[in-house]
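So the structure is just underneath, and the comments pick up after that.
There are 2 protein chains.
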Amino acid sequence: MTETVLLNAAWVVPVRPRGTVFEQHSVVIERGRITALLPTKVAQSRFQGVREVNLGHHVLLPGLINMHTHSPMTLLRGYADDRDMQSWLREDIWPLEARFVSPEFVADGSRLAIVEMIRAGTTCFNENYFFPDAIAAAADSAGMRACIGLPIIEMSTAWAETVDDCFARGMQLAESYASHSRLQFSLAPHAPYTVGDPTLERIATYSATQQMPVHMHLLETAWEVQQSLEQYGKSPLERLDANGLLDERLLAVHMTQLESSDIETLAQHHVNIVHCPESNLKLASGICPLVELLEAGINLCIGTDGAASNNDLDLLAEARAAALLAKGISNDATQPDAFTTLEMLTINAAHALGIEDTVGSIEADKAADLVALDLNQARTLPVHDVVSAIIYSAASAQFSDVWVAGRRLMKGGSLCTLDEADVLARAVNWGRRIAAGRTVA
Amino acid sequence: MTETVLLNAAWVVPVRPRGTVFEQHSVVIERGRITALLPTKVAQSRFQGVREVNLGHHVLLPGLINMHTHSPMTLLRGYADDRDMQSWLREDIWPLEARFVSPEFVADGSRLAIVEMIRAGTTCFNENYFFPDAIAAAADSAGMRACIGLPIIEMSTAWAETVDDCFARGMQLAESYASHSRLQFSLAPHAPYTVGDPTLERIATYSATQQMPVHMHLLETAWEVQQSLEQYGKSPLERLDANGLLDERLLAVHMTQLESSDIETLAQHHVNIVHCPESNLKLASGICPLVELLEAGINLCIGTDGAASNNDLDLLAEARAAALLAKGISNDATQPDAFTTLEMLTINAAHALGIEDTVGSIEADKAADLVALDLNQARTLPVHDVVSAIIYSAASAQFSDVWVAGRRLMKGGSLCTLDEADVLARAVNWGRRIAAGRTVA
Numbered sequence: 001m002t003e004t005v006l007l008n009a010a011w012v013v014p015v016r017p018r019g020t021v022f023e024q025h026s027v028v029i030e031r032g033r034i035t036a037l038l039p040t041k042v043a044q045s046r047f048q049g050v051r052e053v054n055l056g057h058h059v060l061l062p063g064l065i066n067m068h069t070h071s072p073m074t075l076l077r078g079y080a081d082d083r084d085m086q087s088w089l090r091e092d093i094w095p096l097e098a099r100f101v102s103p104e105f106v107a108d109g110s111r112l113a114i115v116e117m118i119r120a121g122t123t124c125f126n127e128n129y130f131f132p133d134a135i136a137a138a139a140d141s142a143g144m145r146a147c148i149g150l151p152i153i154e155m156s157t158a159w160a161e162t163v164d165d166c167f168a169r170g171m172q173l174a175e176s177y178a179s180h181s182r183l184q185f186s187l188a189p190h191a192p193y194t195v196g197d198p199t200l201e202r203i204a205t206y207s208a209t210q211q212m213p214v215h216m217h218l219l220e221t222a223w224e225v226q227q228s229l230e231q232y233g234k235s236p237l238e239r240l241d242a243n244g245l246l247d248e249r250l251l252a253v254h255m256t257q258l259e260s261s262d263i264e265t266l267a268q269h270h271v272n273i274v275h276c277p278e279s280n281l282k283l284a285s286g287i288c289p290l291v292e293l294l295e296a297g298i299n300l301c302i303g304t305d306g307a308a309s310n311n312d313l314d315l316l317a318e319a320r321a322a323a324l325l326a327k328g329i330s331n332d333a334t335q336p337d338a339f340t341t342l343e344m345l346t347i348n349a350a351h352a353l354g355i356e357d358t359v360g361s362i363e364a365d366k367a368a369d370l371v372a373l374d375l376n377q378a379r380t381l382p383v384h385d386v387v388s389a390i391i392y393s394a395a396s397a398q399f400s401d402v403w404v405a406g407r408r409l410m411k412g413g414s415l416c417t418l419d420e421a422d423v424l425a426r427a428v429n430w431g432r433r434i435a436a437g438r439t440v441a
Numbered sequence: 001m002t003e004t005v006l007l008n009a010a011w012v013v014p015v016r017p018r019g020t021v022f023e024q025h026s027v028v029i030e031r032g033r034i035t036a037l038l039p040t041k042v043a044q045s046r047f048q049g050v051r052e053v054n055l056g057h058h059v060l061l062p063g064l065i066n067m068h069t070h071s072p073m074t075l076l077r078g079y080a081d082d083r084d085m086q087s088w089l090r091e092d093i094w095p096l097e098a099r100f101v102s103p104e105f106v107a108d109g110s111r112l113a114i115v116e117m118i119r120a121g122t123t124c125f126n127e128n129y130f131f132p133d134a135i136a137a138a139a140d141s142a143g144m145r146a147c148i149g150l151p152i153i154e155m156s157t158a159w160a161e162t163v164d165d166c167f168a169r170g171m172q173l174a175e176s177y178a179s180h181s182r183l184q185f186s187l188a189p190h191a192p193y194t195v196g197d198p199t200l201e202r203i204a205t206y207s208a209t210q211q212m213p214v215h216m217h218l219l220e221t222a223w224e225v226q227q228s229l230e231q232y233g234k235s236p237l238e239r240l241d242a243n244g245l246l247d248e249r250l251l252a253v254h255m256t257q258l259e260s261s262d263i264e265t266l267a268q269h270h271v272n273i274v275h276c277p278e279s280n281l282k283l284a285s286g287i288c289p290l291v292e293l294l295e296a297g298i299n300l301c302i303g304t305d306g307a308a309s310n311n312d313l314d315l316l317a318e319a320r321a322a323a324l325l326a327k328g329i330s331n332d333a334t335q336p337d338a339f340t341t342l343e344m345l346t347i348n349a350a351h352a353l354g355i356e357d358t359v360g361s362i363e364a365d366k367a368a369d370l371v372a373l374d375l376n377q378a379r380t381l382p383v384h385d386v387v388s389a390i391i392y393s394a395a396s397a398q399f400s401d402v403w404v405a406g407r408r409l410m411k412g413g414s415l416c417t418l419d420e421a422d423v424l425a426r427a428v429n430w431g432r433r434i435a436a437g438r439t440v441a
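Each protein sequence line maps, in turn, to chains A and B.
For the record, in the first sequence the residue sitting at position 255 is 255 according to the UniProt record's numbering, with numbers rising by one throughout.
For the record, in the second sequence the residue sitting at position 56 is 56 according to the UniProt record's numbering, with numbers rising by one throughout.
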């Protein structure tokens, strides 16, 4: 990672400046950081004798950022489908989690997710699950960048018995990684219906003093809004506002139940919204009004959600679903355009996580979090418009190479930091264990 | 194709009987037809010394059937995006087609589409484009099964100057393939706004006498309905009914503008509906009410539409989009379930094309149109439910092997009947020619 490397690509889409596409350009990496973006001929004459990676059929992009997932839930992928959200959660997922979730489950599920995400061009993920220590360790050893949620839920779980335990264990974990260059932490209250007001207020205080993002499921279903009105006499957004949580550190996930007045409030408070269209559709939760949110100037990002409700971690496909769905439900084929969609996967996500100075675009002095997508395949030819090819045509299987902070995590389709065969074998084994558990139950 | 072959798979999903999944089973192929589906151990003892193909991590399925596409439009993929349907068609696509469409364009574009479709597990496609002779030749030499539309449009095109020419050239082509085992033909009137009543009536007569399907864009946009009311004083459906076209041979594509009374009419007349969710969303045309149509007992199929409006020919991803969108807009996460979605890709499509006795399921005496999907990848592990893995998790890149009528079109990810490098090189070249044309224009 200390050597200088030239990545020579057929196309580079740096995301910033907006809308630019460079042909036959090179990204220069030195000590894990991007130091220049130059025409390949210029770069080759300026940096003679350095190592070069030729990506002659590829577009080089900033690494994609998955803004909402529960990595270990890969092990529950396809366990229960075609159910509405509350039945799915209460009758299928929660009982299964109570039975199986352990540090070993979380470590194996996280590695499975990381394999899938690297293969899908993802360099950073915004996570929320139990045993965040095991997730952080998996991300660290795989070389991924991540924002690890410290789960807060007012139910006894295998990770923490009480809310006090949630804070204590979470803060201890965050401190243990305090100087880490790739891992950061968020406070992750589960949802309005599982976290009370005193806890929300406490989270607001921690978030302000520690400058930590707050990562929360919010306005996911009509049921959630109704439940809040019944229990608290307030909507979930009113509760968050009353407890001081509506600000630029909030990563509000789902947001399918929005009134026009809510959108103004969210814009005024610079709240970030994470749209998970496939999970919302699959659980029939509702549809986040992406075009209205964009028009209100809200910072929008995209997440896959966990594999149990998606059922994959394919962020490029998720972005395509987001763009197509937004056009369809707004009756306006012009919004969002392909480039705006790409921003949601990159620079908008970096902004939401507070790491816009480090990642999210290909610019000098940023970390070399880069992904190469091979466009010389039937599915993406001919290339009339490279951004259209990325957003509307490419399959995630076309990602060939991935770098995080200059370290190569995938090389020509082979993973460099994980024993993939072992990860897959463990997943198969968990499938058997869970199936045996289901039979017994 | 005359030898006996055993395909030994970890799972077989034959589609018929409904809902069945077999583990460690073998499909026996003899003379291009399926002759048995047996436990692998039984098959191996009964058929000793025959060639075996081991698909130890795979699920074997009936080949997928893409029920609406314009194959040559792969060459226009990504040429114009983020535009509404009528502007896209009139300002971008039609002028470009007038300039470039030729037998050479159609042959090269068809082969590009066929490469993409075979790689995506597609064994049969329902086509509509100019120069159907070139498409038929491409499908024939690649070994694909297809229903080739004979285009009928009341505009002068490079293929035919008048409607009379459309019929004459079309019928001549259909006759030249009359005894072909893999190719059939449909009458393909473009849309209600480009075909008048006398032509519709003539199509109905031909369809009845020749027993040919009628493949038509229908109720795609609100504009189309309005235009019909203004010009004819009737809705498009009323016009088709008046001209005798509402029957079991009609393949009605899109159908986003349906009233409840229309759904009853369509069900009574056994009209087949082809849902193209991604194209409809991307062009903001409207949304086909899949759940209501299923509940009415209508035979539903799925098409990708052309790559210019999709922008890929990935039928599995299209099916996932169809299922997720239907759940989301109906507020019912239970419909359609994964198996019902798989039926739309296989047996329902075979029924619509009138070839249900030949393809659409893995049953004795049907043609060996089969596809193998490798599930031993991060994205589809663990396999808690194999049909869920196919519909909700798998990427089309996981298709490894494809057979049509027992002939292998893809073997372990390599195409057997096409020179893929040549097909891709020609696509790149068309990209250059079209870009140069745009600059000049």
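The C-beta atom is built at its ideal place from N, Cα and C for all residues, glycine as well.
Note that the coordinates shown come from a computational prediction; the quantities given were computed from them, not determined experimentally.
Quick check on residue i - is its C-beta less than 7 Å from some C-beta in chain B?
{"i": "residue 305 (chain A)", "result": "no"}
{"i": "residue 430 (chain A)", "result": "yes"}
{"i": "residue 441 (chain A)", "result": "The predicted position of residue 441 (chain A) is uncertain, since its pLDDT is 45 and thus under 50; a value taken from the coordinates is nonetheless stated next. False, the Cβ-Cβ gap to chain B never drops below 7 Å."}
{"i": "residue 279 (chain A)", "result": "no"}
{"i": "residue 331 (chain A)", "result": "yes"}
{"i": "residue 334 (chain A)", "result": "yes"}
{"i": "residue 24 (chain A)", "result": "no"}
{"i": "residue 282 (chain A)", "result": "yes"}
{"i": "residue 425 (chain A)", "result": "no"}
Could you confirm whether any beta carbon from chain A is found closer than 7 Å to the beta carbon of residue i?
{"i": "residue 355 (chain B)", "result": "no"}
{"i": "residue 411 (chain B)", "result": "no"}
{"i": "residue 38 (chain B)", "result": "no"}
{"i": "residue 93 (chain B)", "result": "no"}
{"i": "residue 6 (chain B)", "result": "no"}
{"i": "residue 287 (chain B)", "result": "yes"}
{"i": "residue 337 (chain B)", "result": "yes"}
{"i": "residue 245 (chain B)", "result": "no"}
{"i": "residue 43 (chain B)", "result": "no"}
Is the Cβ-Cβ distance between residue i and residue j less than 7 Å?
{"i": "residue 84 (chain B)", "j": "residue 284 (chain B)", "result": "yes"}
{"i": "residue 71 (chain A)", "j": "residue 110 (chain A)", "result": "yes"}
{"i": "residue 368 (chain B)", "j": "residue 34 (chain B)", "result": "yes"}
Using a C-beta cutoff of 7 Å, does residue i count as contacting chain D?
{"i": "residue 267 (chain A)", "result": "Absent from the structure: chain D. Protein chains present are A and B."}
Original post:
Which residues, in chain order, does the segment 110-126 of chain A contribute to contact with chain B at a C-beta distance below 7 Å?
Top reply: Closer than 7 Å at the C-beta level to chain B, one finds these residues of the segment 110-126 of chain A: 112, 115, 116 and 119.
**OP:** Please name the residues in the segment 294-328 of chain A whose beta-carbon is closer than 9 Å to at least one beta-carbon of chain B, in chain order.
**Re:** Against chain B - using a Cβ distance shorter than 9 Å - the residues of the segment 294-328 of chain A are 307, 310, 311, 312, 313, 314, 317, 320, 321, 323, 324, 325, 326, 327 and 328.
Original post:
Just by C-beta distance, which residues in the segment 392-404 of chain B are closer than 9 Å to chain A?
Top reply: For the segment 392-404 of chain B, which is checked against every Cβ of chain A, the residues closer than 9 Å are 392, 393, 394, 395, 396, 397 and 398.
**OP:** Evaluate the contact criterion for the segment 113-127 of chain B versus the segment 399-415 of chain B: three or more CB pairs, one atom per stretch, below 8 Å.
**Re:** As far as the Cβ criterion goes, the segment 113-127 of chain B touches the segment 399-415 of chain B, which means the pair count is three or higher.
**OP:** Could you pull out every unbroken beta strand (DSSP E) segment of at least 3 residues lying fully inside the segment 17-59 of chain B, listed in chain order?
**Re:** Those beta strand (DSSP E) runs which fall completely within the segment 17-59 of chain B and span 3+ residues are 22-30 and 33-39.
**OP:** Anything in the segment 59-91 of chain B with a Cβ closer than 9 Å to a Cβ of chain A? List those residues in chain order, please.
**Re:** The segment 59-91 of chain B vs chain A, Cβ under 9 Å: 74, 75, 76, 77, 78, 79, 80, 81, 82, 83, 84, 85, 87 and 88.
Original post:
What residues in the segment 361-389 of chain B bring their beta carbon closer than 7 Å to a beta carbon of chain A?
Top reply: Listed in chain order, the positions of the segment 361-389 of chain B with a beta carbon within less than 7 Å of a beta carbon of chain A are 376, 378, 379, 381, 382, 383, 384, 385, 388 and 389.
Original post:
Using 8 Å as the Cβ pair cut-off and three pairs as the minimum, do the segment 354-368 of chain B and the segment 90-102 of chain A touch?
Top reply: Taking a cut-off of 8 Å for Cβ pairs, the segment 354-368 of chain B and the segment 90-102 of chain A do not touch, as fewer than three such pairs fall below it.
**OP:** Inspect the CB distances between the segment 125-139 of chain B and the segment 106-116 of chain B and report whether three or more fall short of 8 Å.
**Re:** Enough Cβ pairs lie closer than 8 Å, so yes.
Subject >> Secondary structure, beta strand (DSSP E): runs of 3+ residues fully inside the segment 129-190 of chain B >> reply: If only complete runs of 3 or more residues are kept, the segment 129-190 of chain B shows the beta strand (DSSP E) at 145-152 and 183-189, in order along the chain.
Original post:
Does the pairing of the segment 267-279 of chain B with the segment 292-300 of chain B give three or more beta-carbon distances under 8 Å?
Top reply: With the rule of 3 Cβ pairs closer than 8 Å, the segment 267-279 of chain B counts as touching the segment 292-300 of chain B.
Original post:
Using 8 Å as the threshold, is the segment 45-60 of chain A in touch with the segment 76-90 of chain A, meaning 3 or more CB pairs across them?
Top reply: By the Cβ criterion, the segment 45-60 of chain A is not in contact with the segment 76-90 of chain A, since fewer than three pairs of Cβ atoms, one from each stretch, lie closer than 8 Å.
Original post:
For the segment 216-231 of chain B against the segment 187-207 of chain B, are there 3 or more C-beta pairs whose distance is under 8 Å?
Top reply: Yes, since at least three Cβ pairs between the segment 216-231 of chain B and the segment 187-207 of chain B fall closer than 8 Å, the two stretches touch.
**OP:** Give a yes or no on contact between the segment 402-420 of chain A and the segment 383-392 of chain A, applying the rule of three or more CB pairs nearer than 8 Å.
**Re:** With a cut-off of 8 Å, the segment 383-392 of chain A and the segment 402-420 of chain A do not count as touching, because too few Cβ pairs lie within range.
Subject >> Residues of the segment 135-157 of chain A whose Cβ lies closer than 7 Å to any Cβ of chain B, in chain order >> reply: Interface annotation for the segment 135-157 of chain A against chain B: empty, criterion Cβ-Cβ distance under 7 Å.
Original post:
Between the segment 50-61 of chain A and the segment 298-317 of chain A, do three or more beta carbon pairs fall short of 8 Å?
Top reply: No contact exists between the segment 50-61 of chain A and the segment 298-317 of chain A.
**OP:** Run through the segment 358-389 of chain A for me and flag every whole beta strand (DSSP E) of 3 or more residues, listed as ranges in chain order.
**Re:** DSSP runs (the beta strand (DSSP E)) wholly in the segment 358-389 of chain A: 370-374.
**OP:** Flag this pair as touching only if the segment 412-429 of chain B and the segment 155-167 of chain B have three or more C-beta atom pairs under 8 Å; answer yes or no.
**Re:** At 8 Å Cβ cutoff, the stretches do not touch.
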